[in-house]
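Have a look at the structure below before the remarks.
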Amino acid sequence: MDKRYRVLIGKPGLDGHDRGAKFIARALRDAGFEVIYTGIRRTVDEIAAAAIQEDVAAVGLSSMSGAHMRLFPAVVEALARAGGADIPVLGGGIIPDEDIPALKNAGITAIFTPGTPIDTIIEAFRAACRTHLGQQAR
Amino acid sequence: MAAKDPRLRDWEEKELAASLARFPERRQHFTCPGGREVERLALPDEIDERYCEDLGFPGRYPFTRGVQPTMYRGRLWTMRQYAGFSTARASNERYRYLLDQGQTGLSIAFDLPTQIGYDSDDPMALGEVGKVGVAIDTLADMEILFDRIPLDKISTSMTINSPAMVLLAMYVAVAEKQGVAADRLRGTIQNDALKEYVARGTYIFPPRPSLRLITDIFRWCADHMPRFNTISISGYHIREAGSTASQEVAFTLANGITYVQAALDAGLSLDTFARRLAFFFNAHSNLLEEVAKFRAARRLWARIMKERFGATDPASMMLRFHAQTAGSTLTAQQVDNNIVRVTIQALAAVLGGTQSLHTNSRDEALSLPTEESVRTALRTQQIIAHESGVADTVDPLAGSWFIEQLTDAIEAEARELIRQVDEAGGVIACIENGFISSQIEEASYRYQQEVEQGERIIVGVNAFQVEEEATVPVLKIDPAVEDEQVQRLRQLKAQRDREQVAAALRDVEQAARSGTNLMEPVLAAVRCYCSLGEICGVLRQVFGEYRD
Chain A
128 MDKRYRVLIG KPGLDGHDRG AKFIARALRD AGFEVIYTGI RRTVDEIAAA
178 AIQEDVAAVG LSSMSGAHMR LFPAVVEALA RAGGADIPVL GGGIIPDEDI
228 PALKNAGITA IFTPGTPIDT IIEAFRAACR THLGQQAR
Chain B
83 MAAKDPRLRD WEEKELAASL ARFPERRQHF TCPGGREVER LALPDEIDER
133 YCEDLGFPGR YPFTRGVQPT MYRGRLWTMR QYAGFSTARA SNERYRYLLD
183 QGQTGLSIAF DLPTQIGYDS DDPMALGEVG KVGVAIDTLA DMEILFDRIP
233 LDKISTSMTI NSPAMVLLAM YVAVAEKQGV AADRLRGTIQ NDALKEYVAR
283 GTYIFPPRPS LRLITDIFRW CADHMPRFNT ISISGYHIRE AGSTASQEVA
333 FTLANGITYV QAALDAGLSL DTFARRLAFF FNAHSNLLEE VAKFRAARRL
383 WARIMKERFG ATDPASMMLR FHAQTAGSTL TAQQVDNNIV RVTIQALAAV
433 LGGTQSLHTN SRDEALSLPT EESVRTALRT QQIIAHESGV ADTVDPLAGS
483 WFIEQLTDAI EAEARELIRQ VDEAGGVIAC IENGFISSQI EEASYRYQQE
533 VEQGERIIVG VNAFQVEEEA TVPVLKIDPA VEDEQVQRLR QLKAQRDREQ
583 VAAALRDVEQ AARSGTNLME PVLAAVRCYC SLGEICGVLR QVFGEYRD
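Protein chains in written order, with the working numbering: chain A, 128 to 265; chain B, 83 to 630.
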């Protein structure tokens with residue numbers, strides 16, 4: 128990989144199931160990314176502030192509690208308020224297929240449901256980072 | 083035939099006779115189809131010293147073969163499905179449905195704001211109200227939750243940890259309104275704060291004040307609720323977070339040791355509280371390892387209580403546990419395969435001697451379960467209980483070389499891990515320095531990598547896949563539930579006697595600061611409809627908050 132992409136993995140809301148988030152964080156690290164993991168139970172504003180402060184090229188969100196429809200778009204909005212409207216947001220967790228179109232409409236770049244191979248997720252982060260940094264360079 | 087072994091005779095005359103007098107067996111005769119009699123307890127030809135030391139007799143130290151002399155011949159395990167969603171009204175309907183379907187105990191799932199001590203109108207609760215369980219803000223919600231459910235007739239398990247005292251107080255207060263005194267209530271509160279710091283994550287306060295709340299509950303219940311389990315020391319979530327079977331046993335029992343020590347330090351006498359400690363384990367897919375795990379956990383706890391704490395009452399050494407099948411093994415692909423996984427896992431729990439069981443539903447990798455899939459999950463237990471025959475004899479896998487070797491190995495591995503925790507300064511130190519979390523994370527990562535690389539087959543996920551149309555109906559929580567709950571709470575808050583509420587909260591604060599038992603002031607506060615968020619808010623101010 129020519130560039131070491133920096134990404135943030137966040138757990139918005141009250142859900143404490145972080146086995147998946149931790150696995151993604153570590154797998155991204157093993158794939159050469161620089162990863163900031165927020166820990167559980169962060170507010171959307173905390174996640175947005177951390178993303179800006181750490182100057183990440185993408186944000187990944189995980190939710191298992193069914194609160195994704197409120198929380199994922201709220202992170203996109205919080206990022207916009209904090210001056211990071213162009214940072215791509217990816218999400219994963221227990222998310223019914225029928226919710227995916229609405230999440231994409233709300234500005235989430237990609238959604239990963241249970242059973243997605245890790246390589247697919249890593250590739251999506253790489254593509255999101257590349258696009259984001261390409262846009263910034265322009 | 084040789085003369086009966088004197089130890090066997092002794093057990094028959096004492097534990098067995100006492101148990102048969104209390105609970106006659108379910109049937110006069112247990113038979114295989116065709117009429118062959120099923121023995122109550124199969125034994126080796128020769129009962130030697132080693133057998134007595136490591137296995138012994140069911141209902142007798144070290145309880146490897148079970149905590150009851152007749153096990154499921156006397157009484158089947160409690161079939162207890164964890165349930166709860168959206169409002170108290172909707173959950174009440176689900177509970178009454180489950181009881182109608184033959185379920186024998188309730189298990190309440192609370193939503194995350196309730197579990198973390200926030201009212202539904204708190205900004206932190208946004209999007210989470212009623213999602214993974216029922217929203218409870220005040221006694222008014224609890225009254226609806228148990229409407230037309232007689233609390234003197236059923237037992238209720240409540241998965242609530244950091245704010246366990248508040249929910250326990252609400253339960254006592256609802257029972258009072260039904261005319262049922264606290265000493266007749268049966269059930270369990272999870273009340274296991276320590277595992278929240280390493281798995282599950284619904285902590286509120288730092289570890290030390292959490293221990294104080296827990297020992298206050300032990301003390302109050304010893305005096306007022308002698309039939310209620312005051313804690314359910316849980317390995318379930320440690321395993322779900324990715325630990326191995328031995329780590330699950332080790333970290334759970336290490337937490338148990340910490341609670342026992344905290345209670346002793348608070349001046350409680352061992353035999354007043356130890357008999358009310360309960361445990362909660364995961365029933366995973368590796369059938370034989372799981373059976374060995376339950377047996378090893380039982381034996382190790384008995385030995386710890388006897389050797390480390392000098393317990394003398396057998397009831398204080400008995401590890402009684404609830405089991406739940408492993409949610410993390412369920413797949414979103416080919417969901418019907420999950421019914422088979424759950425069957426194997428449930429069988430492991432029963433062969434391992436569980437006291438109660440939750441079987442997961444096939445659709446839980448997608449959402450909360452629908453009513454139909456919950457029924458299938460319950461039927462799975464009923465088929466094991468009534469058709470498989472495994473409930474007709476005690477500890478049927480005992481004496482298998484493989485099972486006994488595995489039981490020994492898990493006990494030894496868990497003992498070694500507990501030693502490491504002790505050496506590093508105990509559980510709280512190991513929470514703070516990350517030892518426990520990093521052990522779990524390491525195991526979880528290793529396992530997931532094996533799956534990713536195809537070294538471990540998950541049917542339907544990394545092998546035997548099919549193209550699927552997403553046609554599984556899922557249960558959705560209407561977003562309006564949150565707004566309605568918030569509305570109801572605001573209305574109730576406006577109608578309360580403000581001075582009474584303020585005074586009750588002041589009493590809670592004073593007790594929190596002074597160190598007197600918090601249960602009475604919390605009970606008084608819930609009776610006058612102080613909310614969960616208000617009471618936990620006061621405690622947050624006094625105790626501070628934990629952050630990972």
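Each residue gets a CB set at the ideal place from its N, CA and C atoms; glycine is no exception. All values derive from a computational prediction rather than experimental measurement.
Under the DSSP definition of a beta bridge, residue 140(A) lacks any partner. Boundaries cannot be given for residue 410(B), as no beta strand (DSSP E) includes it and DSSP labels it neither H nor E. Contact between the segment 482–502 of chain B and the segment 251–260 of chain B is absent: fewer than three C-beta pairs spanning the two stretches fall below 8 Å.
In this structure residue 237(B) does not touch residue 277(B) by the C-beta definition: roughly 22 Å separates them, more than the 8 Å allowed. Within 10 angstroms of the beta-carbon of residue 116(B) lie fewer than 16 other beta-carbons, which makes it exposed.
Within the model, the alpha-carbon separation for residue 227(A) versus residue 187(B) is close to 37 Å. Looking at the backbone, the Cα of residue 178(A) and that of residue 252(A) are separated by about 15 Å. Residues 170, 171, 174 of the same chain have their beta carbon placed closer than 7 Å to that of residue 226(B), with the five preceding and five following residues left out of the count.
The alpha-carbon of residue 293(B) is positioned some 21 Å away from that of residue 501(B). Residue 214(B) is classed as buried because its beta carbon has at least 16 other beta carbons within 10 Å across all chains shown. For the pair residue 192(A) and residue 135(A), the CB atoms are not nearer than the 8 Å cut-off.
Looking at the DSSP output, residue 212(B) sits in no beta bridge, so it has no partner there.
DSSP places residue 510(B) in the helix class (H, G or I) of the three-state scheme. In terms of Cβ geometry, residue 182(B) and residue 167(A) do not form a close pair [threshold 8 Å]. A distance below 6 Å between beta-carbons, with the five flanking residues on each side excluded, links residue 323(B) to the following residues of its chain, in chain order: 281, 522. Judged by DSSP in its simplified three-state form, residue 462(B) adopts helix. In the three-state reduction of the DSSP assignment, residue 546(B) falls in the coil class. The alpha helix (DSSP H) runs lying completely inside the segment 117–180 of chain B and spanning 4 residues or more are 131–136, given in chain order.
DSSP places residue 540(B) outside any alpha helix (DSSP H), giving it a letter other than H or E.
Put simply, the backbone Cα of residue 200(A) is about 26 Å away from that of residue 166(B). When CB distances to chain A are screened at a threshold of 7 Å, the residues of the segment 515–548 of chain B falling below it are 523, 526, 527, 530, 534, 543, in chain order. Listed by position along chain B, the residues whose Cβ is nearer than 7 Å to that of residue 240(A) are 414. Distance between residue 306(B) and residue 460(B), taken at the CA atoms: about 33 Å. Secondary structure of residue 310(B) (DSSP, three-state): strand.
Interface annotation, residue 556(B): in contact with chain A, CB-CB separation under 8 Å. Residue pairing of residue 442(B) in beta bridges, as defined by DSSP: absent, with no partner found. Residue-level contact by beta carbon holds for residue 447(B) and chain A, with a gap shorter than 8 Å. By the Cβ test, the segment 549–558 of chain B is not in contact with the segment 572–591 of chain B, since fewer than three Cβ pairs between them sit closer than 8 Å. Taken in chain order, the members of the segment 195–207 of chain B whose beta-carbon sits within less than 9 Å of a beta-carbon on chain A are 195, 197, 198, 200, 205, 206, 207. Per DSSP, the continuous alpha helix (DSSP H) segment holding residue 426(B) begins and ends at 419–433. Between residue 245(B) and residue 271(B), the beta carbon gap of about 10 Å keeps them out of contact (Cβ cut-off 8 Å). Residue 230(A): member of the alpha helix (DSSP H) spanning 227–232, first to last residue. In the same chain as residue 385(B), and ignoring 5 residues on each side of it, the C-beta atoms closer than 7 Å to its own belong to 144, in chain order.
DSSP places residue 233(B) in the coil class of the three-state scheme, outside both helix and strand.
According to the DSSP assignment, residue 164(A) belongs to the beta strand (DSSP E) that extends over 161–164. For residue 354(B), the enclosing alpha helix (DSSP H) covers residues 352–355.
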